[in-house]
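K.L.:
Encoded as structure tokens, here's the structure I'll be asking about.
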Amino acid sequence: MSERDDMKGCCTPSRGSGEPAQNPPAFAPDVAPSRDNMQQIPGGSFDMGGEDADGFPADGEGPIRSVETASFLIDSCAVTTSEFARFVERTGYVTDAERYGWSFVFAAAVHPAAFGHIMDGRLPGTPWWLAVKGACWKCPDGPGSDWRDRPDHPVVHVSWNDAQAFASACGRRLPTEAEWEKAARGGRNQSRFPWGDELEPDGRHMCNVWQGRFPTDNTAADGFLMTAPVRSFEPNGYGLYNTAGNVWEWCNDGWSPVWHVEETTATRVNPVGPSNDEAKVIRGGSYLCHASYCNRYRLSARTFNSPDSSAANTGFRCAL
2 MSERDDMKGC
12 CTPSRGSGEP
22 AQNPPAFAPD
32 VAPSRDNMQQ
42 IPGGSFDMGG
52 EDADGFPADG
62 EGPIRSVETA
72 SFLIDSCAVT
82 TSEFARFVER
92 TGYVTDAERY
102 GWSFVFAAAV
112 HPAAFGHIMD
122 GRLPGTPWWL
132 AVKGACWKCP
142 DGPGSDWRDR
152 PDHPVVHVSW
162 NDAQAFASAC
172 GRRLPTEAEW
182 EKAARGGRNQ
192 SRFPWGDELE
202 PDGRHMCNVW
212 QGRFPTDNTA
222 ADGFLMTAPV
232 RSFEPNGYGL
242 YNTAGNVWEW
252 CNDGWSPVWH
262 VEETTATRVN
272 PVGPSNDEAK
282 VIRGGSYLCH
292 ASYCNRYRLS
302 ARTFNSPDSS
312 AANTGFRCAL
């Protein structure tokens with residue numbers, strides 16, 4: 002395995018607590034599911050996966066295969082902090098980060114008031130991730146920071162469990178990985194990004210990823226040091242924003258790098274992924290991705306995390 006094939010931890014740190022993940026409550030929605038701010042994705046087949054020369058074969062990015070999905074609805078944007086705040090106010094939900102008492106924050110983003118809350122120890126090979134006591138969706142950079150300062154940014158420090166609970170309360174669900182990729186591609190066939198094959202066509206910034214030398218120098222040439230508002234940059238052909246960069250997004254599927262390789266009805270027609278309660282798929286990359294280190298902001302890129310893990314670069318959007 003090459004060094005680049007072993008870079009999953011740079012993307013999304015795992016809690017690695019050894020404690021069992023909580024089962025998210027099955028909320029009964031108190032209103033009919035709203036279709037506001039959702040886009041209709043047509044049914045039919047598309048070419049899923051990729052074989053990019055700079056990809057990560059060990060992640061199971063390939064093979065390129067024709068996959069069919071039924072028509073579905075998906076959020077135009079990742080769920081925002083203000084939307085998540087309304088959910089918490091209505092249900093009293095407590096996130097995994099709050100339950101454990103800490104979450105991962107990028108070192109350069111830790112709020113000055115939170116320096117005394119940094120826990121001992123760092124993840125091997127990824128010193129830029131710090132476990133910070135009190136970091137959660139309400140305090141995204143640790144104690145002293147406030148979600149109200151970024152109400153239109155994607156909610157972060159949400160686990161797969163938390164995303165499932167939110168979706169359930171809204172009468173929605175998490176998208177399958179196939180649905181996520183089909184929607185993220187915006188109707189394009191096998192392009193590297195939602196807008197084409199060049200990261201910065203004609204010098205234009207099309208997404209929020211790391212600019213400069215990772216992890217020490219972020220020039221913020223794209224306009225953002227960390228997360229960006231959910232409607233930043235141009236939407237793709239289906240009207241979805243930020244399906245490359247900004248924050249990783251949870252999918253419903255369990256993780257496997259090989260489950261989808263065999264051509265069967267289960268893997269090619271409305272696939273829901275393998276049964277795996279220990280790791281769940283995340284897609285789309287984040288503001289920490291960079292071509293020199295972890296270029297998983299490509300449309301075919303994929304990785305995973307445990308369902309109770311949370312970090313400052315992971316969020317979600319819902320489907321229906």
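Read in our numbering, the sequence shown has 140 at position 139, and its numbers run on one by one without any break.
No residue lacks a Cβ here, since even glycine has one placed at the ideal position from N, Cα and C.
1) Taking Cβ positions, are Pro195 and Arg186 nearer each other than 9 Å?
2) Does the beta-carbon of Cys85 have 16 or more other beta-carbons within 10 angstroms, so that it is buried, or is it exposed?
3) If you run the structure through DSSP and keep just helix, strand and coil, what is Val89?
4) Can you tell me whether Asp6 is buried or exposed, with buried defined as 16 or more other CB within 10 angstroms of its CB?
5) If we count the other Cβ atoms within 10 Å of its Cβ and call it buried at 16 or more, is Pro308 buried or exposed?
6) For the stretch 197–214 against the stretch 229–246, are there 3 or more C-beta pairs whose distance is under 8 Å?
7) With DSSP collapsed to three states, give me the class of Trp138.
8) Which ranges would you report for the beta strand (DSSP E) in the stretch 209–247 if only whole runs of at least 3 residues count?
9) Where do the N-terminal and C-terminal ends of the beta strand (DSSP E) with Trp161 fall, by residue?
10) Under 8 Å: does the beta carbon of Arg91 sit that close to some heavy atom of the ligand PLP?
11) Starting from Glu69, trace the alpha helix (DSSP H) in both directions and tell me its first and last residue.
12) Which residue comes first and which comes last in the alpha helix (DSSP H) that contains Arg205?
13) Using the rule of at least 16 other Cβ atoms within 10 Å of the residue's Cβ for burial, across every protein chain shown, is Gly213 buried or exposed?
14) Who are the Cβ neighbours of Trp148 in its own chain at under 7 Å, not counting the five residues just before and after it?
15) Using only alpha-carbon positions, find the residue among Ser276, Cys290, Pro43, Arg174 that is nearest to Phe73.
16) Check Ala79 in the structure and name its three-state DSSP category.
17) Excluding five sequence neighbours on each side, which residues of the same chain lie with their C-beta closer than 7 Å to the C-beta of Ala166?
18) By the three-class DSSP mapping on this structure, what secondary structure does Cys252 have?
19) Report yes if the CB atom of Cys252 is closer than 9 Å to the CB atom of Leu131, and no otherwise.
P.N.:
Short version:
1) Position 194 of the sequence shown holds residue 195. Position 185 of the sequence shown holds residue 186. Taking 9 Å as the Cβ cut-off, Pro195 and Arg186 qualify as a contacting pair.
2) Position 84 of the sequence shown holds residue 85. Residue 85 is actually Phe in this sequence, not Cys. When all chains shown are included, Phe85 counts as buried.
3) As a working note, residue 89 is residue 88 in the sequence shown. Residue state, collapsed to three classes: helix.
4) Position 5 of the sequence shown, counting from 1, holds the residue named residue 6. With a pLDDT of 37 at Asp6, under the threshold of 50, the predicted position of this residue should be treated as unreliable, and no value is reported.
5) The count along the sequence shown starts at 1 and reaches residue 308 at position 307. Its Cβ being crowded by 16 or more others within 10 Å, Pro308 is buried.
6) yes
7) Numbered from its first residue, the sequence shown carries residue 138 at position 137. Note: Trp138 maps to coil in three-state DSSP.
8) none
9) Position 160 of the sequence shown holds residue 161. No beta strand (DSSP E) holds Trp161; the alpha helix (DSSP H) holding it covers 161–170.
10) As far as ligands go, the structure on display features none, and thus does not contain the ligand PLP.
11) In the sequence shown, residue 69 corresponds to position 68, counting from 1. Segment 66–70 is the beta strand (DSSP E) holding Glu69; no alpha helix (DSSP H) there.
12) Counting from one through the sequence shown, the residue named residue 205 turns up at place 204. Segment: none, Arg205 is in no alpha helix (DSSP H) and carries neither H nor E.
13) As a working note, residue 213 is residue 212 in the sequence shown. Exposed, by the Cβ-count rule.
14) On the sequence shown, residue 148 is found 147 positions in, with the first residue counted as 1. Excluding residues within five positions, the ones whose Cβ falls inside 7 Å are Thr82, Ala86, Trp138, Lys139, Pro141.
15) Counted from its first residue, the sequence shown places residue 73 at position 72. If we check each option's Cα against that of Phe73, Pro43 comes out closest.
16) Translated into the one-based positions of the sequence shown, residue 79 becomes position 78. Three-state result, Ala79: coil.
17) Numbered from 1 along the sequence shown, position 165 holds the residue referred to as residue 166. Once the five neighbours on either side are set aside, the close Cβ partners of Ala166 are Pro25, Pro26, Phe28, Tyr94.
18) In the sequence shown, residue 252 corresponds to position 251, counting from 1. Note: Cys252 maps to strand in three-state DSSP.
19) Here residue 252 refers to the residue found at position 251 when the sequence shown is read from its first residue. Here residue 131 refers to the residue found at position 130 when the sequence shown is read from its first residue. No, the Cβ-Cβ distance between Cys252 and Leu131 is not below 9 Å.
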